[in-house]
Each structure stands twice: as C-alpha cells, then as structure tokens.
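Worksheet: one structure, shown below.
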Amino acid sequence: MGEDQLGQALEGCDVVIIPAGVPRKPGMTRDDLFNINAGIVKNLCAAIAKYCPNALVNMISNPVNSTVPIAAEVFKKAGTYDEKKLFGVTTLDVVRAKTFYAGKAKVPVADVNVPVVGGHAGITILPLFSQATPKANLPDEDIKALTKRTQDGGTEVVEAKAGKGSATLSMAYAGAIFADACLKGLNGVPDVVECSFVQSTVTELPFFASKVRLGKNGVEEVLGLGPLSGYEKEGLEALKPELKSSIEKGIKFANQL
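Mind the numbering: the sequence shown is residues 1 to 257 in UniProt numbering, read in order.
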C-alpha cells in the first residue's frame, strides 16, 4: 500500500480514521508535530474529498486543535465540507479523566462519566469534574490535581516511554470507542453521546470540544457545557487564547499555496 493506492483504499468508505503522522518524543509538544503532521493531514484530506466526500472523518493526528481546522479548510476548498462529518478525537482525554477520577473517588471506572471540553492539548483540555458521575465530593486540591494530570497525561506517557513513542494502546482503545460510537450513530442507535472537537457555537471559537450527539448524518446536536464550577469557568477562559491560536495556525497553513 502507498499513496498511489489511496483512492482504492478510500473509495466507498463511511468512516475514515486518520492517525497518520509522527508520534511525540520527550521534550516535544503536540505543536512541535505541526510541521510534519499538518502536511500529511492536508494531503490525506484532499484524497478524502476526492474519493469519499461523504465519509465521517475521525481526526487523531496531532495537534488536533490545528489538524481539524486544516481538514475543514481543505474540504471547503474542494466544495465537500460538511461540519457534521468532521471530528477531532478527544476520547483519550475522557478515558484519562474517568480513570483518574475513579481512582480518587474509589469507584469502578466502568461506572464513571466525566465530560472533557475545550481542545486536545495541555491547558486546552478541561475535564468537568463538577459534572462527573457518580458524584464524589472531592476536595478542591484533588480536583486541581486530577485536572492537571488529565492535561499532562500525554506528556507523562511520552516521558515514561523515554523516546520510544507516545500513547499507543490507550489511544487505540479511545479511537475504537469513538469510531464505534460513529458507527452506532450511522446505524440509527439512539442517544449516542461522546465528547469531540467539532465546529461549534458553544463558545466564540469556531471549533470546540464538548459533548456531541451522534446520528445518521454524523453530528446530530452539539451539546452545551452545562453548569460549571468557579474553577472550571477560570479554566475555560484560560484555555481560549491558546485554542484560538492553534485553530488560526491550522487555517493559515491550509490556505498557503
């Protein structure tokens, strides 16, 4: 398989998952990956626009905060953009938030639900532990520590692997959860809700991760943030400038010749 067979691989696809690119190494941020991965994503999205323009696109390649806007611009230029069919996969942030919360609250992780909003890098990742279920009245310092660990989860793995890559099995697990949710939606299963980085009017930013109801056309509904704690409101305002910059960086790249 190679680029010359990309058309044959894509033709007739209902869902396309893009994990292509290079992984992070110690000392690298997701943004350091931009120069390599942005070009790869741009080329793949041009092929998707040509061979399977109606497919749901699950973007895993980092930095997701920039690669999703790149994809949107490529599809717009090709005349195939449908905001209901482009997803930044942020499920790994949810998996981490649920796991860390379950450990602290001493409840089975399978029973836990934690929405994670914002973006998919550093402080743009905002877990809403005030909305976590089952409810555990954790002290503020625990919530702050859980938030930081969720935000730094990817870096923790990169450092632990000491140059041998980034999160692999956990990302595969999270990617499978989200792809499965997309397929359930396409098959008409009701009330399929997952967090994802999508075109959004939840904030003033053009793209934002929040809970999304999935259906036969992709995004059926982008859900609001719900009630936030004071700490979460601060986090929301703090993440906006960084997320805005990452989105604009992607749009600018996509519109270069």
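Note that the Cβ used here is the ideal one computed from N, Cα and C, for glycine as well.
- Arg149 carries a helical assignment under DSSP once its states are collapsed to helix, strand and coil.
- Here the alpha carbon of Tyr81 sits roughly 42 Å from the alpha carbon of Val107.
- In the DSSP assignment, Pro115 falls outside any beta strand (DSSP E), carrying neither H nor E.
- The secondary-structure analysis by DSSP pairs Ala46 with nothing; it has no beta-bridge partner.
- Listed in chain order, the non-local C-beta contacts of Ile40 below 6 Å within the same chain comprise Ala20 and Gly21, local neighbours out to five positions each way being set aside.
- A Cβ-Cβ distance of about 7 Å is found for the pair Leu138 and Ala105, placing them in contact under the 8 Å criterion.
- With a threshold of 16 other beta carbon atoms within 10 Å, Ile36 falls short and is exposed.
- One alpha carbon belongs to Asn187, the other to Cys13, and they sit about 15 Å apart.
- The DSSP-derived three-state label of Lys216 is coil.
- In this structure, DSSP gives Ser210 an extended state, which the three-state scheme calls strand.
- The DSSP-derived three-state label of Val202 is coil.
- Per the C-alpha coordinates, the member of Ala167, Glu237 and Pro190 positioned closest to Pro26 is Ala167.
- DSSP lists Val57 as the beta-bridge partner residues of Leu86.
- Contact annotation: Gly230 and Ile70 have beta-carbon atoms that are not nearer than 8 Å.
- The C-beta distance from Ala97 to Thr155 rounds to 15 Å, too long to meet the 8 Å contact threshold.
- In this structure, the CA atom of Val16 is about 12 Å from the CA atom of Ala176.
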